[in-house]
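Trainee: I have a structure I would like to understand better, so I am pasting it below and will then ask my questions one at a time.
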Amino acid sequence: MNSPALNPIAASLRDFLHGDLVHNFRTSPVAVVSAVVALILILGGMLAPWIAPHDPTDLASLSLLDSFKPPWPSEGSDWFNPLGTDSQGRDVLSAIMYGTRVSLIVGFWSVIISVLLGILAGLTAGYLGGMADTILMRVADVQLTFPAILTALMINGIVAAALPRSMREDVQLPVIIVSIGISLWPGIARTVRGSALVERNKEYVLAARVIGVPAWRIMLSHVLPNVIGPVSVLATLGLGGAILTEATLSFLGVGLSPSRPTLGTLIRYGNDFLFSGQWWVVIFPGLALVLMVLSINLLGDWLRDALNPRLR
Amino acid sequence: MADAPILEFNGITHEFDVSLPPLQRLLAGEQRRYLRAVNDVTFSITAGTTLSLVGESGCGKSTIARLCVGLHTPKRGEIRFEGMTLAEARKLGRVRRQMNMIFQDPYASLNPRWRVSDIIAEPIKRFALEKNASSVRRRVELLLSQVGLAPSDGDKFPHEFSGGQRQRVSIARALSSEPVFLVCDEPTSALDVSVQAQILNLMRDLQRRLGLTYLFISHNLAVVRHMSDRLGVMYLGRIVELGEAETIFRRPLHPYTRLLLDAIPDLDHIGRARTPVGGDVPSPIAPPPGCAFHPRCPLANDRCRVEAPALLDADGTQVACHAVAEGRA
Amino acid sequence: MTPLLDVRDLIVEFPTRHGVLRALDHISFSIAQGEILGVVGESGAGKSLTGAAIVGLLTPPGRIGGGSIHLDGERIDNLPAEPLRRIRGRRIGMIFQDPLTTLNPLLRIGRQLTETMRTHLDLTEVAARERAAEWLERVGIPDPRRRLDAWPHEFSGGQRQRVVIALALCAEPELVIADEPTTALDVSVQAQIITLLKTLTRESGVSVMLVTHDMGVIAETADRVAVMYAGRIAEIGPVAQVIRHPAHPYTDGLMGSIPTVEHRAERLRQIDGSMPRLDAIPSGCAFHQRCGFAFDRCSDEQPGLMEAGATRAACWLRAPEAAHG
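This is the structure we're talking about:
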């Protein structure tokens, strides 16, 4: 039988690995394939500074002589640049890897911000109700009328105008992250609020109130663990959305500066050459973007169905 | 023998605001609407005994349970615990420790994300009843065995237990602050019959051993007969009969009490043919005028339709019925 | 005389990733014409599942894994979907626990009644409407003609259940399966509904399978009762005998654990432990681990129903060659 001295963390891990969620994952081809694709892209992106064949940000290493090399195995290509080069001689593959890294950093942190804001607002509104609920939800409503891109544009513009030129480049990344994060919090807040409304009438919450546990403590230790399930789905889907938003901002030219390639800027500059024959400059970054967002979204969908108690 | 009442409800009235939201109210030209869940309720409980409140849906018994533990504040009237008003007792920090509650739904009354030992330990930690983690753990294990569970059950989560076992965990949690008074809101209504027997036996054993006082809420008269010393029958927010349980069961006075006792399908009434009293329980939002029971009462007269009867003494039992007071019943 | 419903060795299974779980294990019983059979048991015993299996409403992946079900001599468990659907509603009526979900909230009461009748009986719209009003009157709805045009939410809980009874009986079925028909109702209303069900079915000679956990309801309403435990029938027989002289230790413990409103017991009889879950049913007799009388055979072989005085019980104590009393 089981040794009673089994580490509780190890026991939880073992239970998880044998549990329904993991089993569901292993038997779902969509989930497995999406996870593998996403993992490849994520690893390729995050490890880019170490494993990318070239450094696309190093202007000194670029040579116009290398420009517009087609991807392997076409005429005029070589293994040096397997996906070809762009108008300035930058290796497309490396640019994609670095670009993916930026996308992931922006996506990850903006989701973190939106989750923290959303949980805080949703818990307060759902559990306390009354004025707090009204105010928070009206703010969320107002914010929801603005599309994410518009919100990001506005914040970006305001900050860019308010800061001296020298500081602009430094704060660009955090500003993009914060603006995308702010655009996403209402969705999470709404879901958390809905769950909190349901939980606050349950008897285990009443039991805590009976012995006089203060409201903030009930919210954090009793209600929060029970409302966090749907948040994981929203966070996953939000990641895909955040990456797309960042790419869109870059494509429009209002994201990060062109010296740091992101998938959006690659698509933007490559777009001009689509019909002049150098298709690879825009197609490969586009493909990378699509694959990444698609695999993350499919994983999010799978997670939502797997966590849905009624479908089990 | 302690005869002083440990709990007193004096003239308690409580309403819920069920008005439409402000904008809709304005558009419909309506006033605010109130649901009077509890209407001028007075009773007291002696320490170490069980008072049951019994009635059908909308009678207000659950609201009384929640008023007792402070989940609502009564609009009118006064609740006294151990001689002090609840407000005073709460200031002294005593009542929350000495009064606890057992809930009806064994599935919703335990936090599904907490381990059982944490659930039971919460009151202990809240009132700082133990000095360190290991003495807390020992106390939790003691409580688990007191309610018939194994000490190792503390590491499990609620979903690993059956309904009856969960209710035992609820009882252990309620006992962990060393209360003297327990409010039990339909503690066995969601349980199977054989499990109910285990829980009821357990509750009676605990009462005997620990000298607990119970306010026992139920809709099941057979369970109530088994558990109570005194009994209050409620209908639409009022107590209609109040007294010694055995006396009321042997000689029910109020027409509604008689209807209830007659209506219960019981094991001892095999193949009984009956003509039950008609009518449904009216909605508490718009109760009938006068005596709320008059539309269904075989003894109703004009006075009943207009004047709500007061709780009057009738040979040791208190009854709120004109027919009884006038000697017509 | 052929029984109206004859269930033989019915097996219902649920394939899961831990293996195939048997929710009903060799269930056999019959209901005679005009008889009310109570099916009683605690949660998880399989009583609702039995009703669902008979009308072909098992939720997948549940399936019938063996045995047979005969309605008035014809086999119905192996019928394809369409003929089975026609039997449902026409020859077998159903009453579920929650009238709110049985009645379509978007259709008027009269329409639901006439639609049911015209689907299964050959009636004109006018004739059906007339009958619908008669049914409402029979179930005790005041002002029936006007109420035909009412919506379900305009009725109280008790009245809704009366309408559901009318709905179940209006197509003139031979058998009605009532699954916890009074559980969601107040006590005083419960009594009215039980009386109504009993009167109407006796009048029309309809047989009833009354599924409930409330033994008191069975005592007052049923002729015979089947006590279920962990997917098997523990005991079956006339109501008075099963209640007063139970032959199976589980039935005995169950009857003793029910408080009665007639007198205050010193202590309720208690069966320690709880009903095993589907994936943990003991070998042999499912009750042997909780039984005070268990002996070797009980853990080895699963007992079938055997004669035990006035009832039949699935207990080795009652085996003809048993030396124990």
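One line per chain: the protein sequences are A, B and C, in this order.
Using the working numbering, count along the first sequence one by one with no gaps and you end on 1212.
Using the working numbering, count along the second sequence one by one with no gaps and you end on 392.
Using the working numbering, count along the third sequence one by one with no gaps and you end on 333.
Virtual Cβ for every residue (Gly too), placed ideally from N, Cα, C.
(1) Interface residues of chain B around Asp194/C at Cβ under 7 Å?
(2) Kindly indicate which residue of Asp378/B, Ile165/B, His357/B, Thr380/B has the alpha-carbon position closest to the one of Ala386/B.
(3) Going by alpha carbons, who is nearest to Gly379/B out of Gln87/B, Ser225/B, Glu307/B?
(4) Taking the alpha carbon of Arg71/C as the reference point, which residue from Arg119/C, Ser282/C, Arg98/C, Phe22/C has its own alpha carbon closest?
(5) For Gly1057/A, which option in Gln1043/A, Thr1045/A, Val1042/A, Val1075/A has the closest C-alpha, if you only look at C-alpha atoms?
(6) Is the beta carbon of Asn73/B less than 7 Å from the beta carbon of Thr109/B?
(7) With DSSP as the reference, please indicate the residues paired to Val216/C in a beta bridge.
(8) Go ahead and label Asp991/A buried or exposed: buried means 16 or more other beta carbons lie within 10 angstroms of its beta carbon, across all protein chains shown.
(9) Are the C-beta atoms of Glu50/C and some chain B residue less than 7 Å apart?
(10) What do you reckon, are the CB atoms on Val147/C and Arg96/C nearer than 7 Å?
(11) Express the C-alpha separation of Pro929/A and Leu323/B in angstroms, rounding to a whole number.
(12) Give every residue of the same chain whose Cβ lies closer than 7 Å to the Cβ of Leu149/B, excluding the five residues on either side of it in the sequence, and list them in chain order.
(13) So, Gly919/A versus Trp1180/A, is the Cβ gap smaller than 7 Å?
(14) Along the chain, where does the alpha helix (DSSP H) that runs through Pro328/C open and close?
(15) Which residues does DSSP pair with Leu98/B in a beta bridge?
(16) Can you list the residues of chain A that Ser240/B reaches, using a CB-CB cut of under 9 Å?
(17) Going by the DSSP bridge assignment, what does Ser76/C pair with across the sheet?
(18) Which residue from Gln209/B, Asp216/B, Arg229/B puts its Cα closest to that of Arg267/B?
(19) Unbroken alpha helix (DSSP H) runs of length 4 or more, entirely within the segment 110–164 of chain B: which are they?
(20) What is the rounded straight-line gap between the Cα of Arg926/A and the Cα of Ile1143/A?
(21) What is the DSSP secondary structure of Tyr170/B, counted as helix, strand or coil?
(22) Against Asn1126/A, what residues of chain B qualify as contacts under a CB-to-CB distance less than 8 Å, listed in chain order?
(23) Check the DSSP bridge columns for Asn73/B and list the partner residues they point to.
(24) Could you check what DSSP says for Cys323/C in three-state terms: helix, strand or coil?
(25) Less than 7 Å between CB atoms is the rule here; does Ile120/C satisfy it with respect to chain B?
(26) Using a Cβ cut-off of 7 Å, pull out every chain C residue sitting near Asn264/B, in sequence order please.
(27) Quick one: what's got a C-beta closer than 6 Å to Arg1204/A's C-beta in the same chain, skipping five residues either side?
(28) With a threshold of 6 Å on Cβ separation, who are the neighbours of Arg342/C within its own chain once the five nearest residues in sequence on each side are excluded?
(29) Can you check whether the C-beta of Tyr1169/A is within less than 7 Å of a C-beta belonging to chain B?
(30) For chain A, find out if any of its Cβ atoms is closer than 7 Å to the Cβ of Val132/B; answer yes or no.
(31) Quick check on Leu262/C - is its C-beta less than 7 Å from some C-beta in chain B?
(32) Under 7 Å, Cβ to Cβ, is there at least one residue of chain A near Arg391/B?
(33) Quick check on Trp1202/A: buried or exposed, where buried means 16 or more other Cβ atoms within 10 Å of its Cβ?
(34) Quick one: is Ala905/A near chain B, going by C-beta distance under 7 Å?
(35) Interface residues of chain B around Ser164/C at Cβ under 7 Å?
(36) Exposed or buried, what is Ala331/C when buried is set at 16 or more other beta-carbons lying within 10 Å of its beta-carbon?
Mentor: Working from what's here:
(1) Contact annotation for Asp194/C against chain B: Glu119, Ser120, Val344 [CB-CB distance below 7 Å, chain order].
(2) Taking Ala386/B as reference, the option from Asp378/B, Ile165/B, His357/B, Thr380/B with the minimal CA-CA separation is His357/B.
(3) Glu307/B
(4) Phe22/C
(5) Val1075/A
(6) no
(7) Ile44/C, Val184/C
(8) Around the beta carbon of Asp991/A, a 10 Å sphere encloses 16 or more other beta carbons of the protein chains shown; the residue is thus reported as buried.
(9) yes
(10) Not closer than 7 Å, so no.
(11) 60 Å
(12) So the list reads Gly133, Ile142, Val158, once near-sequence residues are dropped.
(13) no
(14) Looking at the DSSP string, Pro328/C is not in any alpha helix (DSSP H), and its letter there is neither H nor E.
(15) Phe79/B
(16) Ile1111
(17) Arg16/C
(18) Gln209/B
(19) 124–131, 149–154, 158–161
(20) Rounded to whole angstroms, Arg926/A to Ile1143/A spans 27 Å at the Cα level.
(21) Residue state, collapsed to three classes: coil.
(22) Asn174, Pro175, Arg176
(23) Glu141/B
(24) coil
(25) Just to set this straight, residue 120/C is Gln in the shown sequence, not Ile. Chain B, which has no Cβ nearer than 7 Å to the Cβ of Gln120/C, makes this no.
(26) Arg275, Leu276, Gln278
(27) Val1133
(28) Since the displayed chain C opens at 9 and closes at 333, residue 342/C lies outside it and no answer follows.
(29) no
(30) yes
(31) yes
(32) no
(33) buried
(34) Low confidence applies to Ala905/A: its pLDDT is 46, below 50, so where it sits in the model is not reliable, and the reading given next is rough at best. Cβ-Cβ to chain B under 7 Å: no for Ala905/A.
(35) Neighbours of Ser164/C on chain B, chain order: Asp343.
(36) Annotation note: pLDDT 48 at Ala331/C (below 50); position unreliable, no value reported.
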